[in-house]
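In this note's numbering, the protein residues as written are 59 to 145. Ideal placement from N, C-alpha and C gives every residue a C-beta, glycine not left out. Because the structure is a prediction, the values reported are computed rather than measured. Have a look at the structure below, then the notes.
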Amino acid sequence: MLKEGRVYVLKDEKLRVEIIWLHHNTPIAGHEEQWKIVELVTRNYWWPGVTKEVKRYVEGCDQCQRIKNRVEMPAGKLRPNQVLERP
(Lines of atoms letter the chains of each structure in order from A and count residues from 1; the text may use other names and numbers.)
(Lines give C-alpha, C1' and ligand atoms only; values in the text may rest on other atoms or scores of the structure.)
Protein backbone atom coordinates (compact mmCIF):
# COMPACT_ATOMS: atom_id res chain seq x y z
CA MET A 1 0.00 0.00 0.00
CA LEU A 2 1.33 3.44 -0.89
CA LYS A 3 0.84 6.74 0.92
CA GLU A 4 1.99 9.79 -1.04
CA GLY A 5 4.35 7.64 -3.10
CA ARG A 6 5.92 5.93 -0.08
CA VAL A 7 5.42 2.40 1.19
CA TYR A 8 3.06 2.33 4.17
CA VAL A 9 4.57 -0.05 6.73
CA LEU A 10 1.99 -2.01 8.67
CA LYS A 11 2.11 -2.26 12.46
CA ASP A 12 4.87 -4.87 12.50
CA GLU A 13 7.53 -4.01 15.10
CA LYS A 14 10.19 -6.33 13.65
CA LEU A 15 9.75 -4.96 10.13
CA ARG A 16 9.92 -1.34 11.30
CA VAL A 17 13.06 -1.99 13.36
CA GLU A 18 14.67 -3.74 10.41
CA ILE A 19 13.91 -0.78 8.13
CA ILE A 20 15.44 1.63 10.65
CA TRP A 21 18.43 -0.71 11.13
CA LEU A 22 19.07 -0.80 7.38
CA HIS A 23 19.13 2.99 7.25
CA HIS A 24 21.20 3.43 10.43
CA ASN A 25 23.59 0.53 11.01
CA THR A 26 24.84 -0.34 7.56
CA PRO A 27 28.31 0.92 6.52
CA ILE A 28 26.76 3.22 3.93
CA ALA A 29 24.50 4.91 6.51
CA GLY A 30 27.30 5.20 9.04
CA HIS A 31 25.31 5.76 12.26
CA GLU A 32 24.00 9.20 11.29
CA GLU A 33 22.08 11.37 13.75
CA GLN A 34 18.37 10.81 14.24
CA TRP A 35 17.11 13.54 11.88
CA LYS A 36 19.22 12.20 9.02
CA ILE A 37 17.86 8.70 9.64
CA VAL A 38 14.28 10.05 9.68
CA GLU A 39 14.99 11.73 6.35
CA LEU A 40 16.45 8.53 4.86
CA VAL A 41 13.62 6.29 6.11
CA THR A 42 10.82 8.63 5.05
CA ARG A 43 12.13 8.90 1.50
CA ASN A 44 10.62 5.49 0.80
CA TYR A 45 8.63 4.42 3.87
CA TRP A 46 6.03 5.87 6.21
CA TRP A 47 4.06 4.83 9.28
CA PRO A 48 2.47 6.72 12.18
CA GLY A 49 5.14 7.64 14.72
CA VAL A 50 8.14 7.00 12.46
CA THR A 51 10.03 9.96 13.95
CA LYS A 52 9.50 8.74 17.54
CA GLU A 53 10.60 5.21 16.66
CA VAL A 54 13.75 6.42 14.92
CA LYS A 55 14.58 8.67 17.90
CA ARG A 56 14.13 5.79 20.34
CA TYR A 57 16.25 3.51 18.15
CA VAL A 58 19.12 6.01 17.82
CA GLU A 59 19.04 6.84 21.55
CA GLY A 60 19.34 3.11 22.27
CA CYS A 61 22.22 2.57 19.85
CA ASP A 62 25.29 1.72 21.92
CA GLN A 63 27.79 2.79 19.27
CA CYS A 64 26.08 6.16 18.76
CA GLN A 65 26.07 6.86 22.49
CA ARG A 66 29.80 6.11 22.70
CA ILE A 67 30.76 8.49 19.89
CA LYS A 68 28.16 11.15 20.59
CA ASN A 69 29.44 14.70 21.05
CA ARG A 70 28.62 15.88 24.55
CA VAL A 71 27.46 19.46 24.96
CA GLU A 72 28.00 19.63 28.72
CA MET A 73 31.02 21.41 30.09
CA PRO A 74 33.64 19.04 31.49
CA ALA A 75 33.79 18.86 35.26
CA GLY A 76 36.21 21.39 36.66
CA LYS A 77 38.80 21.01 39.37
CA LEU A 78 37.91 21.69 42.96
CA ARG A 79 39.33 24.87 44.38
CA PRO A 80 41.45 24.47 47.52
CA ASN A 81 38.86 26.20 49.73
CA GLN A 82 35.91 24.08 48.50
CA VAL A 83 34.72 21.52 50.98
CA LEU A 84 32.83 18.43 49.94
CA GLU A 85 29.71 17.92 51.98
CA ARG A 86 28.94 14.43 53.14
CA PRO A 87 25.43 13.23 53.93
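{"Check": "Span separating the alpha-carbon of H81 from that of E91", "Outcome": "11 Å"}
{"Check": "Buried or exposed (CB count within 10 angstroms, at least 16 for buried), Y115", "Outcome": "buried"}
{"Check": "Beta-carbon gap between W104 and Y66 smaller than 8 Å", "Outcome": "yes"}
{"Check": "Neighbourhood of V112 by C-beta distance below 7 Å, restricted to the same chain and skipping five residues each side", "Outcome": "I78, Q92, I95, V96 and V99"}
{"Check": "Residue from V108, K61, Q123 and D120 with nearest C-alpha to L73", "Outcome": "V108"}
{"Check": "Extent of the continuous alpha helix (DSSP H) to which V75 belongs", "Outcome": "E71 to H82"}
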